[in-house]
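Novice:
Numbering (this note's numbering), first residue to last: 4 to 272.
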């Protein structure tokens, strides 16, 4: 979101006299994230214990403010392909996370009541740990060995799964399983989101987010589970999922038939 310095210049300069002067000289429209970064730099430079940014009160009434994420990035390792070494970190406003936590308390009972999340999904669920899913799969393999059968398996991992969620498809699944008032809130939460990338002192322009669930959000994991809740299954295979990781097991006395079963499952994914 951008603020017109013509109307807010005097108020901002009165509240933060040592912050933002250079930004206002460079351009007339100053984004909220730029002011937040400048305010934090002032606190570090002056040793101030000030916890309130006056500029935030000027924009608190704009709902779009809380839908803008600041993206920083870390380099995981040094390699030939720099694009694969960079891990983006998304920082969301704290008031937005508080609201999401309250909303999650209302949505989870409905999700459990309507059994939206399938039983084979163990990710981001209470009383469903990673080790529980591992024991479940190992138990299936042990039963195959005891029955003198071959157990063929394939393990899948979706690259950048949370960033690839199709908004229209997610909203369609939400509307088909949750009450209308929840659908309207989630639709407002998902759509019209924006982000800005910071590298050192430089800030990119505001960009729209056209796909994916918000990284670092409270509702993001649940929205992804709803989006993948209709993963196809079959009686001849055992499916195990943990968030975006999927394991498919197929058992048969003939190894060729076992491999054929999981290959058929892959074709309907």
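Glycine residues also receive a C-beta, built at the ideal position from the N, C-alpha and C atoms.
How would you label residue 124, buried or exposed, when you count the other beta carbons within 10 angstroms and need 16 or more for buried?
Specialist: Buried, because 16 or more other Cβ atoms sit within 10 Å of the Cβ of residue 124.
Novice: Who are the Cβ neighbours of residue 143 in its own chain at under 6 Å, not counting the five residues just before and after it?
Specialist: Same-chain partners within the cutoff: 241, 252.
Novice: Could you give the first and the last residue of the continuous beta strand (DSSP E) run that contains residue 199?
Specialist: Looking at the DSSP string, the run of the beta strand (DSSP E) that includes residue 199 is 196-202.
Novice: List the residues that DSSP assigns as beta-bridge partners of residue 156.
Specialist: According to DSSP, residue 156 bridges with 252.
Novice: DSSP has residue 73 in a bridge; who is on the other side?
Specialist: Looking at the DSSP assignment, residue 73 forms a beta bridge with 94, 199.
Novice: Could you work out which residue in 137, 178, 189 is closest to residue 105 when comparing CA atoms only?
Specialist: Comparing Cα-Cα distances from residue 105 to each of 137, 178, 189, the minimum goes to 189.
Novice: Out of curiosity, what's the CA-to-CA distance linking residue 112 and residue 263?
Specialist: Each residue's Cα considered, the two are about 39 Å apart.
Novice: From the DSSP output, in three-state form, read off residue 212 for me.
Specialist: Reduced to three states, the DSSP call for residue 212 is strand.
Novice: Leaving out five residues before and five after residue 168 in sequence, what residues of the same chain have Cβ atoms less than 8 Å from its Cβ?
Specialist: Hits under 8 Å: 214, 215, 216, 226, 227, 230.
Novice: So for residue 236, helix, strand or coil by DSSP?
Specialist: Looking at residue 236 - three-state DSSP - the assignment turns out to be coil, as it is neither helix nor strand.
Novice: Quick one, are the C-beta atoms of residue 73 and residue 256 less than 8 Å apart?
Specialist: Taking 8 Å as the Cβ cut-off, residue 73 and residue 256 do not qualify as a contacting pair.
Novice: Out of 153, 245, 147, 268, which has the shortest C-alpha to C-alpha gap to residue 132?
Specialist: When each option's Cα is compared against that of residue 132, the closest is 245.
Novice: If you follow the beta strand (DSSP E) that residue 245 is part of, which residue opens it and which one closes it?
Specialist: It spans 241-245 - the beta strand (DSSP E) in which residue 245 sits, taken as one unbroken run.
Novice: Based on the DSSP output, what are the partners of residue 206 in its beta bridges?
Specialist: Per DSSP, 201.
Novice: Determine the closest residue to residue 126 out of 249, 166, 116, 140, with distance taken between C-alpha atoms.
Specialist: When only C-alpha atoms are compared, the closest one is 249.
Novice: Check the C-beta distance from residue 161 over to residue 247 and give it rounded, since I have them as a contact under 8 Å.
Specialist: Contact holds; Cβ gap of about 4 Å.
Novice: By the DSSP assignment, the alpha helix (DSSP H) with residue 170 in it spans what residues?
Specialist: Where residue 170 is concerned, the enclosing alpha helix (DSSP H) stretches over 170-178.
Novice: Just verifying my parser: in three-state terms, what is the DSSP assignment at residue 2?
Specialist: The question about residue 2 has no answer here: the residues shown for the chain are numbered 4 through 272.
Novice: Taking the beta carbon of residue 265 as the centre, do at least 16 other beta carbons fall within 10 Å, making it buried, or is it exposed?
Specialist: The residue is buried, with at least 16 neighbouring Cβ atoms inside 10 Å.
Novice: Can you list, in chain order, the residues of its chain with a C-beta nearer than 6 Å to that of residue 71? Leave out the 5 residues immediately preceding and following it.
Specialist: Excluding residues within five positions, the ones whose Cβ falls inside 6 Å are 197.
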